[in-house]
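Visitor: Right, I'll just put the structure down here and ask away after.
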Amino acid sequence: MTTATLPLRKPATAAWLAVLPIWHLVVALAAAATGVILLPRLSEGLLLVPVVGLLAVAGLSAAAVPYIRRRNHRGRVLSLAVNYLGFLACAVGLLHLMGAFTGIDDLARRFGRGLPFLLLAFLGYLVQAYADHFEYYPKRQRRVQEAGKGIILVGLALFFVAIVNWPGLPALALKLLQPAHLALLALAVLFAAMFWGMWRQPTAEAMHVNNARAETLSGLLFLSPNFLGFLLFFAGPLLLSLYTSFTNWDAFGTRDWVGLDNYARLLNLTVARLSSPTQLAAEVIDVKVYDELARFTLFGRSYVVGAEDKLFWISLRNTVVFCLIAVPLSVIPALFLSNILNSRLPGMKFFRAVYFIPSVAAVVGVSLIWQWMYNSAVGWINYGITVGINLLNGAFGLDIADPKIRWLSSADTALLAVAVMVAWQTMGFNTVLFLAGLQNIPTVLYEAATVDGADAAGRFRHITLPLLAPTTVFVVTTTLIQAFQVFEPIFIMTNPPGGPNNATLSMVLYLYQNGFQRFRQGYASAIAWVLFLAIFVVTLIQFRRQRGGVAYEA
Amino acid sequence: MTHTTEMVRQPVHRSHPLRKAIAYTAAYTALLLFGFVVIFPFLVMVFTSLKEPADTFSYPPRLLPREAVTVEVPGFDKPLPLYTVEVDGVQRQMALAVTTVRVGVFAPPDNLAATVTVPLDEVTPTRGADGQAMAVVDGQPQPLFDVSVNGGTVPMVRLSQTALGRFVDPENPQVTALANVRLSPPVTRITWHPENYRQVLELNGMGRALINTTLVTLMVVIGQLTTSVLGGYAFARLRFPGRDTLFLLYLGTIMIPFVVLIMPLYQLMVLIGWTDRLASLIIPWVFTAYGTFLMRQFFLTIPREIEEAALIDGSSRLQILTRIFIPAATPALATLATFTFLYAWNSFFWPLVIINTGNTDNHVLTLALNVLRGRAADSPNLVLAGAAISVLPPMVLFVLAQRFFIESATSSAVKG
Numbered sequence: 001m002t003t004a005t006l007p008l009r010k011p012a013t014a015a016w017l018a019v020l021p022i023w024h025l026v027v028a029l030a031a032a033a034t035g036v037i038l039l040p041r042l043s044e045g046l047l048l049v050p051v052v053g054l055l056a057v058a059g060l061s062a063a064a065v066p067y068i069r070r071r072n073h074r075g076r077v078l079s080l081a082v083n084y085l086g087f088l089a090c091a092v093g094l095l096h097l098m099g100a101f102t103g104i105d106d107l108a109r110r111f112g113r114g115l116p117f118l119l120l121a122f123l124g125y126l127v128q129a130y131a132d133h134f135e136y137y138p139k140r141q142r143r144v145q146e147a148g149k150g151i152i153l154v155g156l157a158l159f160f161v162a163i164v165n166w167p168g169l170p171a172l173a174l175k176l177l178q179p180a181h182l183a184l185l186a187l188a189v190l191f192a193a194m195f196w197g198m199w200r201q202p203t204a205e206a207m208h209v210n211n212a213r214a215e216t217l218s219g220l221l222f223l224s225p226n227f228l229g230f231l232l233f234f235a236g237p238l239l240l241s242l243y244t245s246f247t248n249w250d251a252f253g254t255r256d257w258v259g260l261d262n263y264a265r266l267l268n269l270t271v272a273r274l275s276s277p278t279q280l281a282a283e284v285i286d287v288k289v290y291d292e293l294a295r296f297t298l299f300g301r302s303y304v305v306g307a308e309d310k311l312f313w314i315s316l317r318n319t320v321v322f323c324l325i326a327v328p329l330s331v332i333p334a335l336f337l338s339n340i341l342n343s344r345l346p347g348m349k350f351f352r353a354v355y356f357i358p359s360v361a362a363v364v365g366v367s368l369i370w371q372w373m374y375n376s377a378v379g380w381i382n383y384g385i386t387v388g389i390n391l392l393n394g395a396f397g398l399d400i401a402d403p404k405i406r407w408l409s410s411a412d413t414a415l416l417a418v419a420v421m422v423a424w425q426t427m428g429f430n431t432v433l434f435l436a437g438l439q440n441i442p443t444v445l446y447e448a449a450t451v452d453g454a455d456a457a458g459r460f461r462h463i464t465l466p467l468l469a470p471t472t473v474f475v476v477t478t479t480l481i482q483a484f485q486v487f488e489p490i491f492i493m494t495n496p497p498g499g500p501n502n503a504t505l506s507m508v509l510y511l512y513q514n515g516f517q518r519f520r521q522g523y524a525s526a527i528a529w530v531l532f533l534a535i536f537v538v539t540l541i542q543f544r545r546q547r548g549g550v551a552y553e554a
Numbered sequence: 555m556t557h558t559t560e561m562v563r564q565p566v567h568r569s570h571p572l573r574k575a576i577a578y579t580a581a582y583t584a585l586l587l588f589g590f591v592v593i594f595p596f597l598v599m600v601f602t603s604l605k606e607p608a609d610t611f612s613y614p615p616r617l618l619p620r621e622a623v624t625v626e627v628p629g630f631d632k633p634l635p636l637y638t639v640e641v642d643g644v645q646r647q648m649a650l651a652v653t654t655v656r657v658g659v660f661a662p663p664d665n666l667a668a669t670v671t672v673p674l675d676e677v678t679p680t681r682g683a684d685g686q687a688m689a690v691v692d693g694q695p696q697p698l699f700d701v702s703v704n705g706g707t708v709p710m711v712r713l714s715q716t717a718l719g720r721f722v723d724p725e726n727p728q729v730t731a732l733a734n735v736r737l738s739p740p741v742t743r744i745t746w747h748p749e750n751y752r753q754v755l756e757l758n759g760m761g762r763a764l765i766n767t768t769l770v771t772l773m774v775v776i777g778q779l780t781t782s783v784l785g786g787y788a789f790a791r792l793r794f795p796g797r798d799t800l801f802l803l804y805l806g807t808i809m810i811p812f813v814v815l816i817m818p819l820y821q822l823m824v825l826i827g828w829t830d831r832l833a834s835l836i837i838p839w840v841f842t843a844y845g846t847f848l849m850r851q852f853f854l855t856i857p858r859e860i861e862e863a864a865l866i867d868g869s870s871r872l873q874i875l876t877r878i879f880i881p882a883a884t885p886a887l888a889t890l891a892t893f894t895f896l897y898a899w900n901s902f903f904w905p906l907v908i909i910n911t912g913n914t915d916n917h918v919l920t921l922a923l924n925v926l927r928g929r930a931a932d933s934p935n936l937v938l939a940g941a942a943i944s945v946l947p948p949m950v951l952f953v954l955a956q957r958f959f960i961e962s963a964t965s966s967a968v969k970g
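And the structure:
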């Protein structure tokens with residue numbers, strides 16, 4: 001504080017320090033005025049975020065003024081923040097107005113022409129990497145490296161020539177000359193200039209920068225692209241989703257606060273006693289509100305369960321059944337295979353790679369393959385069953401009829417068919433995870449157990465399983481979380497999606513139907529949060545189990 | 555060390571050579587069996603995508619694409635399909651000239667067992683159509699027909715009639731034979747139809763979708779690597795107030811499922827005007843907590859001393875990042891790149907929500923496949939060619955950069 005009044009030796013710095021407070025006063029006033037003008041229109045659309053942002057910037061900018069005058073470093077931080085955000089807002093806004101983001105569609109039209117040149121550049125990269133083979137011939141190494149670099153540069157240059165819309169450039173320049181665009185450009189330049197004026201070393205020194213303060217600023221600056229994007233596309237939407245789940249948002253303008261109505265409707269169940277197991281449900285429950293979901297008999301008495309949203313409960317049941325089939329079917333073979341792969345016999349790396357292949361393939365593509373294999377008339381799976389039955393009949397003189405299962409179009413088998421496919425696809429990934437876990441178990445333990453006379457089964461039971469427990473918990477929970485969100489294979493393989501007769505309607509599919517086919521986005525958001533809560537519980541269990549620790553300390 | 559353990563292990567382990575051989579055989583059998591289960595669907599995809607449409611529906615299903623062989627036979631305008639026909643107890647390859655020839659089974663009334671099969675238009679009623687001669691068989695009057703047998707004409711009664719195919723010897727068209735077409739296996743040869751791919755790429759919009767997917771994936775990977783490197787460096791190496799709280803917040807959001815975000819993100823895109831635009835497939839996916847986390851964990855392992863030395867030499871933070879941290883982090887970058895690549899290339903739910911079904915110009919591969927499966931439902935060869943176009947590029951990349959794929963899988967499990 002005492003150094004604040006030291007005279008400034010450099011006139012440029014003095015000028016910047018004189019200009020910056022005025023600039024921030026102007027920014028504060030302008031931002032506040034714009035914010036206040038927009039304030040009455042808060043109810044339309046999502047203006048809340050920009051208005052709050054403007055008012056916050058106004059506040060920060062105003063707060064910066066006294067600090068800068070006192071040459072307190074906090075003023076520099078505030079000033080840099082305001083100018084940085086101002087620059088970003090203007091630059092992104094300008095890009096948006098100039099159609100830079102929607103122009104990606106246009107770029108895609110010409111991108112194909114550039115692809116061969118991009119491949120050429122990649123080839124150059126390979127040449128450059130190949131130079132390492134000549135590390136004992138420095139001259140040749142350098143020559144190959146330079147050749148590679150040249151190919152990369154030529155490839156990239158040709159690529160840019162091919163993808164830039166040259167005839168469109170004049171129109172783009174003219175577009176920039178529109179007053180609103182020019183104003184934004186000028187503002188962006190001003191913000192950038194002010195940022196630089198505060199950032200430059202002499203000003204920084206006049207504002208009493210030190211290493212820790214410089215590091216803080218660098219840290220914030222480095223993190224900012226990531227953090228701003230995270231706020232805009234993750235944290236913001238997350239809060240919006242929570243808000244939406246309390247409204248009757250329909251994507252066409254209706255957006256009334258309905259409190260917990262969505263959740264209540266979703267979870268509303270009723271149970272009523274029936275006088276006989278075959279009594280009509282309409283006689284005991286209010287069928288205007290409830291649909292009959294299930295009936296059961298307990299201690300000789302019959303009950304009927306009614307649900308306000310029957311489909312939700314069906315989707316919940318389907319999802320749980322799906323998980324109960326798919327998760328063990330994926331995890332148990334993975335555990336088995338990883339133990340074989342861990343034996344370090346020759347060829348294990350090859351098998352590990354083979355098992356991993358399905359997990360790199362698109363679910364949509366894989367679903368189409370399996371859909372064809374499940375074909376009831378000419379599919380491979382039914383053919384395999386036919387061959388197997390014929391073999392059995394022939395060998396044992398049996399007379400088993402060929403079932404000719406209609407895998408995907410029968411309500412009894414559709415969910416099973418999808419689950420088998422999902423298990424098939426995730427098995428290899430889980431095998432690799434298990435293998436990594438197994439390789440962390442010290443071999444000394446096995447050797448000691450062998451010395452003590454333990455056989456293979458004993459070693460598996462008493463060493464492998466307990467020491468692999470953390471991996472197992474991780475594998476089971478991640479597979480479970482994934483299976484809980486099953487959507488794509490069901491959407492592709494069943495017709496109509498979720499059919500036949502809602503036998504494969506999963507929670508995420510139900511969410512999709514509500515949100516994007518019936519446009520009940522508020523209701524769909526409530527489903528999303530119920531789903532999230534379920535997943536959260538699974539994750540918590542995982543964390544708790546992990547903290548419980550390993551049974552044996554290596 | 556290994557020496558001593560071997561010495562200890564030998565007497566205890568009782569590893570009989572035979573037992574060992576059985577164990578090895580069992581292990582490899584299990585591995586091969588599962589390997590077959592894993593690979594077989596992809597073989598079905600590739601081979602079916604090279605078939606002609608009719609071949610896809612053949613039963614029993616066969617893996618290799620096969621096609622009926624046709625031959626040019628003198629005296630016929632069109633090439634004729636070749637069949638394996640049994641003639642007088644001998645298997646011969648003959649061309650099918652006429653698909654349905656109405657034939658009758660005839661026999662002399664006094665010897666019903668001596669049947670001959672003759673086309674109906676080669677017999678004439680005995681003594682003319684008006685006063686056809688009759689014979690009594692089993693107490694029933696039956697009309698008699700003149701059937702030529704071995705050069706002579708024999709009056710016979712008709713026992714039954716059916717339809718057969720007329721086959722000709724391709725070398726010697728005078729030699730013909732009648733046989734049941736359905737019971738004669740057609741002669742096939744393996745033929746490949748790579749033009750299925752061209753058809754799918756050109757006619758069904760998969761070409762455009764392939765380019766769009768490449769562009770989207772490339773931009774997402776580059777963008778995400780950039781923001782993750784910057785953010786990871788800040789979290790790993792730069793001290794600023796609130797850093798650790800912020801990092802915990804990032805960590806907490808990794809497990810939040812995408813479905814919670816899909817609705818508000820859609821609303822946000824509507825607001826910005828990016829629905830139906832490729833930008834909506836790129837920009838929101840450039841900022842991820844997971845990538846930042848991964849890069850931070852890697853940067854933490856780089857010794858601080860190198861950085862401090864560079865700082866004293868007057869390097870800026872950006873220079874340190876580009877000259878020291880990024881080159882050292884190549885494996886981590888490759889791991890993150892493969893992870894992101896797979897995610898961007900294979901994603902379906904978000905494009906389905908945000909890109910209009912009618913706007914085929916902006917379709918990515920998964921969406922184009924979804925359209926193709928509806929449009930070409932009756933030609934599995936085309937559908938599976940489309941599937942192959944979307945499935946094979948990641949596989950090729952996997953073969954080239956296997957290590958990073960496996961690492962990206964295990965890196966998620968290391969910290970749990």
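Just so you know, the sequences run in chain order A and B.
For the first sequence, my numbering gives the first residue as 1, with consecutive numbering after it.
For the second sequence, my numbering gives the first residue as 555, with consecutive numbering after it.
Heads up, the beta-carbon is just placed ideally off N, CA and C, and yes, glycines get one too.
1. Assuming B/V655 and B/A733 are in contact, meaning their beta carbons sit under 8 Å apart, how far apart are those beta carbons, in whole angstroms?
2. What number of angstroms, rounded off, separates the C-alpha of B/I816 from the C-alpha of B/V824?
3. Taking Cβ-Cβ distances below 8 Å as the criterion, which residues of the stretch 808-835 of chain B are in contact with chain A?
4. Chain A partners of B/G643, CB-CB under 7 Å?
5. Cα-Cα, which of A/E205, A/V354 and A/A183 is closest to B/L597?
6. Note down the Cα distance separating A/G300 from A/G306, rounded to an integer number of angstroms.
7. Would you report the Cα separation of A/P11 and A/M194, rounded to the nearest angstrom?
8. Answer yes or no: do B/L896 and B/F852 have a C-beta to C-beta separation smaller than 9 Å?
9. Just to make sure I have the definition right: I need the residues of chain A whose C-beta is within less than 7 Å of the C-beta of B/F959. Which are they?
10. If the cut is a Cβ gap below 7 Å, which residues of chain B does A/A108 touch?
11. Are the stretch 751-760 of chain B and the stretch 917-937 of chain B touching, with three or more C-beta to C-beta distances below 8 Å?
12. In terms of residues, what are the limits of the beta strand (DSSP E) holding A/I314?
13. Is B/Q686 buried or exposed, if buried means 16 or more other CB atoms sit within 10 Å of its CB?
14. For B/D830 and B/Y820, I'd like the C-alpha separation in whole angstroms.
15. State the DSSP-derived secondary structure class of B/P881, mapped to helix, strand or coil.
16. Which one of B/W899, B/A788, B/F893 and B/V722 has the shortest CA to CA distance from B/Y637?
17. Residue range of the alpha helix (DSSP H) that B/L854 falls in?
18. Excluding the 5 residues flanking B/T671 on each side, which residues of the same chain have their C-beta closer than 7 Å to its C-beta?
19. At 8 Å on the CB atoms, spell out the chain B contacts of A/P202, in chain order.
20. With respect to the alpha helix (DSSP H) encompassing A/Y125, which residues constitute its N-terminal and C-terminal limits?
21. Can you give the Cα-Cα distance for A/F555 and B/Y582, rounded to whole angstroms?
22. Give the DSSP-derived three-state secondary structure of A/W166 in the structure shown.
23. Measuring CB to CB, does A/Q371 end up less than 9 Å from A/I463?
24. Would you verify that the beta carbon of B/V968 is, or is not, closer than 9 Å to some beta carbon of chain A?
25. Among A/I151, A/G103, A/Y137 and A/P179, which has the Cα closest to the Cα of A/L169?
26. Confirm the yes/no value for this check: CB of B/A790, any heavy atom of the ligand MG, distance under 8 Å.
27. Can you give the Cα-Cα distance for A/N210 and A/Q141, rounded to whole angstroms?
28. With H, G and I counted as helix, E and B as strand and the rest as coil, what does DSSP make of A/Q439?
29. To the nearest angstrom, how far is it from the Cα of B/L887 to the Cα of A/H133?
30. Taking the beta strand (DSSP E) that B/A700 falls in, what are its first and last residues?
31. If we ignore side chains and look at the alpha-carbon of each, how far apart do A/R544 and A/V475 end up?
32. Measure the Cβ-Cβ separation of B/M599 and B/A942 and say whether it is below 9 Å.
Guide: From the atom records:
1. At roughly 10 Å, the Cβ-Cβ gap does not stay under 8 Å, so B/V655 and B/A733 are not in contact.
2. 12 Å
3. M809, I810, P811, F812, V813, V814, L815, I816, M817, P818, L819, Y820, Q821, L822, V824, L825, I826, G827, W828, R831, L832 and A833
4. The premise fails here: B/G643 is roughly 27 Å from chain A at the closest Cβ pair, so nothing lies under 7 Å.
5. A/V354
6. 20 Å
7. Between A/P11 and A/M194, the C-alpha separation is close to 16 Å.
8. B/F852 is positioned such that its CB atom lies no closer than 9 Å to that of B/L896.
9. F356 and V360
10. The answer, in chain order, is I765, N766, L769 and L832.
11. yes
12. No beta strand (DSSP E) contains A/I314, which is instead part of the alpha helix (DSSP H) from K310 to L341.
13. exposed
14. Straight-line Cα distance between these residues: approximately 11 Å.
15. helix
16. Considering only alpha carbons, the answer is B/V722.
17. B/L854 -> alpha helix (DSSP H) spans A843 to L854.
18. For B/T671, where only same-chain residues beyond five positions count, the Cβ hits under 7 Å are V657, V659 and L732.
19. In chain order: nothing, as chain B lies at least about 16 Å away.
20. G103 to Y130
21. Outside the displayed span of chain A (1 to 554) sits residue 555 of chain A, for which this structure offers no information.
22. helix
23. no
24. Low per-residue confidence applies at B/V968: pLDDT is 48, beneath 50, and the placement is therefore not dependable enough to give any value.
25. A/G103
26. As for the ligand MG, it is missing from this structure, which has no ligand bound.
27. 45 Å
28. helix
29. The straight-line gap separating the alpha-carbon atoms of B/L887 and A/H133 is approximately 23 Å.
30. According to the sequence shown, residue 700 of chain B is Asp rather than Ala. Residues Q694 to V703.
31. 15 Å
32. yes
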